[in-house]
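These protein sequence lines are chains Y and A, in that order. Each residue of the first sequence is one higher than the one before, counting from 1 in our numbering. Each residue of the second sequence is one higher than the one before, counting from 272 in our numbering.
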Amino acid sequence: MVRLVNIRPTRRVAAMLGATPLLLLVLAYLIASASRHALNPADKILPTPEAMLSAMRMLVMLPDAMTGERLFWSDTFASLQRLGIGLGISTISALLAGLVLGLLPAVRATLGPLVTTVAVIPPVALLPILFIVFGLGESAKVALIVIGILPLMIRDIAAHVEALPTEQMIKAQTLGASSWQLALRVALPQVMPRLIHAVRLSLGPAWVFLISAEAIASDVGLGYRIFLVRRYLSMDIILPYVAWIALLAIAMDWVLRQISQRGFAWAHGAR
Amino acid sequence: MSMLSLRNVWVEYGEKVVLERVDLDIAERSFVSIVGPSGAGKSTLLRLLLGQEVPTRGRILLDGVPLKPECGPDRGVVFQRYSIFPHLDARHNVLFGLECAAAPFTGRLFGRARRIALDEADAMLAAVGLGDSGHVFPAQMSGGMQQRLSIAQALVKRPRILLLDEPFGALDPGIRADMHVLVTRLWREQALTIAMVTHDISEAFTLATRVLTLDKRRHDPHAPHRYGATAVYDLTLDRRVAAENAHSASITIDDNVNN
């Protein structure tokens, strides 16, 4: 008998296998929702798909009476903008700081402990400080995302640069490379796939910090909306919003993976 | 004429003495093999020559000038592994050294200068037998091809001395024999000076004009680190040297058969 570890599904079978639990989850929800509604047609905890659709139609299609905007889209835009700015600042800073820390032992000795210290502080504990310093506007929310993911990204990139084989660094020096050329031509290109990987790993925490910041002080945003309608037990809005957030996260991850595979084929063992 | 000289060189790590009283002269165009048991300081000696490490005491002179305590383009190196850039294809791996010298800020060449440099890189690739593999990335190369590329990369800088650190240790016997032929040919054609650390005694004697054996002269069983290693045997292989002289006399007549 073939060992379990040696049973490898083909691509088609793998796709089917992967879809099964998701479909089962949806099915289980539909059954539970239907049975609750059979007992109590006004149930709000597990809304039917029709209820979700009609609630979402309001938010997606119809302008809000107060602001005149379609709330779903303005929420999405506001959240993605915060997330994008936060991720952008973090990515560029992590790349620069990681390269410098990884390549220059003197800088590593000076700033390494600082980065390690900041990295162990739970970012949400800093949120009150950020609100006091930056006020309740956009910058506090972006700052929370940056503080939340940047230290770990810097450590990841710096560790990767440091782990480049000594032989390679020595070889580059015997070929005449200066410190600057080592950074630009040897370390930077090799760390790029790792940077994209670090961004992918940081997407999860970045969403957590975004939703937290929006839940506490905001007037627009996906996280704000979820926490607002919670007061009315509006599961018909919360569940589609959560699904939409999941979809956005998957799409961002997919795009980043494509960039890494297309742009840095050498790092993916391409033939 | 001695090109590289070590004068009373010691290397100590705290209490531990790795090399002691190493006096050595390496002549231009010689091929020196360095053998010895593990832990006898072969790699330390190579790192000294490379400038990766500084002697605790003593002096190292290259062409009569003290060696800078840093690796530079006057010394080329090929390690057993990891000495090529995985993110560049073969051509750009070789081009790298030319670009570093010519473009200090961008690290890249453009236009005509780039075409000239690429021609030089292609010629060097052809010389190591990788003429058709210019666009292959290291991940798709066999171990032998990777070492050929590493040699091409080092030689394109025309180093004063080429240092080889167990360059063929990870290769299959057949490939290793091919590499021996290649290194011997390049050594002759390009008038190289080579220092090679190896575990393989027969390789040392096949390739070199001179074999150095590093070992400890004295050994204190109660303090094994008290004494360092030095060159205990220094054999000049007259037979190989004579063969080389005969070869260079006849080099215009026949170039390939005498390998």
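Every residue, glycine too, gets a C-beta built ideally from N, C-alpha and C.
Once the 5 residues before and after residue i are set aside, which same chain residues still bring their CB inside 7 Å of it?
i, result
"Y:Lys272", "Residue 272 of chain Y lies beyond the range of chain Y shown here (1 to 271); nothing can be said about it."
"Y:Ile220", "Residue identity differs from the one stated: residue 220 of chain Y is Val in this sequence, not Ile. The residues are Ser74, Asp75, Ala78."
"Y:Leu247", "none"
"Y:Leu256", "Ile196, Val199, Arg200"
"A:Val454", "Leu478"
"Y:Leu188", "Leu99"
Which stretch, first to last residue, makes up the alpha helix (DSSP H) that contains residue i?
i, result
"Y:Lys171", "166-174"
"Y:Lys141", "138-162"
"A:Thr507", "No alpha helix (DSSP H) holds A:Thr507; the beta strand (DSSP E) holding it covers 500-507."
"A:Met450", "444-460"
"A:Lys313", "313-321"
Assign residue i to buried or exposed, taking buried as 16 or more other Cβ atoms, counted over all protein chains shown, within 10 Å of its Cβ.
i, result
"A:Phe367", "buried"
"A:Ser301", "buried"
"A:Pro531", "Beyond the ends of chain A as shown, which are 272 and 530, falls residue 531 of chain A; an answer cannot be given."
"A:Tyr504", "exposed"
"A:Tyr284", "exposed"
"A:Phe356", "buried"
"Y:Trp254", "exposed"
"A:Lys428", "buried"
"A:Asp334", "exposed"
"Y:Ala177", "buried"
"A:Ser273", "exposed"
"A:Gln417", "buried"
"A:Asn364", "buried"
"A:Pro326", "buried"
"A:Glu341", "exposed"
Cβ of residue i less than 8 Å from any chain A Cβ?
i, result
"Y:Gln168", "yes"
"Y:Ala207", "The sequence given here places Trp at residue 207 of chain Y; Ala does not occur at that position. No, Y:Trp207 does not count as interfacial toward chain A."
"Y:Gly102", "no"
"Y:Val161", "no"
"Y:Thr48", "no"
"Y:Arg185", "yes"
"Y:Gly263", "no"
"Y:Lys44", "no"
"Y:Pro105", "no"
"Y:Pro189", "yes"
"Y:Leu228", "no"
"Y:Ala175", "The sequence given here places Leu at residue 175 of chain Y; Ala does not occur at that position. By this cut-off, Y:Leu175 is an interface position."
"Y:Ser178", "yes"
Does residue i come within less than 8 Å of chain Y when only Cβ atoms are used?
i, result
"A:Arg489", "no"
"A:Leu321", "yes"
"A:Ser354", "yes"
"A:Ala298", "no"
"A:Ala425", "yes"
"A:Phe408", "yes"
"A:Val348", "yes"
"A:His470", "no"
"A:His358", "yes"
"A:Ala372", "yes"
"A:Phe367", "yes"
"A:Pro235", "Because residue 235 of chain A is not part of the residues shown, which for chain A are 272 to 530, the question remains open."
"A:Tyr284", "no"
"A:Lys428", "yes"
"A:Gly343", "yes"
"A:Gly378", "yes"
Apart from the five residues just before and just after residue i, which ones in its own chain have a Cβ nearer than 8 Å to its Cβ?
i, result
"A:Asn279", "Arg292, Val293, Asp294, Arg328, Gly329, Arg330"
"Y:Gly223", "Ser79, Leu210, Ile211, Ser212, Ala213, Glu214, Ala215"
"A:Val289", "Val282, Glu283, Gly312, Thr315, Gly499, Ala500"
"A:Ala230", "The requested residue 230 of chain A does not occur in the structure, where chain A is confined to residues 272 to 530."
"Y:Leu239", "Pro47, Met52"
Check for me: the beta strand (DSSP E) holding residue i runs from which residue to which?
i, result
"Y:Val229", "No beta strand (DSSP E) holds Y:Val229; the alpha helix (DSSP H) holding it covers 222-229."
"A:Ser276", "273-284"
"Y:Met252", "That residue, Y:Met252, is in no beta strand (DSSP E); its alpha helix (DSSP H) goes 235-263."
"A:Arg328", "328-333"
"A:Gly347", "346-349"
Short of 6 Å in beta carbon distance, which residues of its chain neighbour residue i, apart from the five on each side in sequence? Order them along the chain.
i, result
"Y:Ile89", "Val146"
"A:Gly307", "Lys313, Thr484, Leu485, Asp486"
"Y:Val186", "Ala172"
"Y:Ser33", "Leu46, Thr48"
"Y:Pro205", "Gly148, Ile149"
"A:Ser354", "Ser421"
"Y:Ile237", "Ala55, Val229"
* Asked: Touching or not, the stretch 199-218 of chain Y and the stretch 77-86 of chain Y, by the rule of three or more beta carbon pairs under 8 Å?
  -> yes
* Asked: Just checking, does the stretch 345-358 of chain A make contact with the stretch 429-446 of chain A on the three C-beta pairs under 8 Å criterion?
  -> In short, these stretches touch, since the Cβ pair count reaches three.
* Asked: Is the stretch 135-152 of chain Y touching the stretch 83-102 of chain Y in the sense that three or more CB pairs, one from each, lie closer than 8 Å?
  -> yes
* Asked: If we count Cβ pairs, one from each stretch, closer than 8 Å, do we get three or more for the stretch 118-129 of chain Y versus the stretch 65-73 of chain Y?
  -> no
* Cβ pair count under 8 Å reaching 3, the stretch 169-181 of chain Y against the stretch 142-153 of chain Y -> no
* **the stretch 443-452 of chain A contacting the stretch 376-389 of chain A, beta-carbon criterion three pairs below 8 Å** => no
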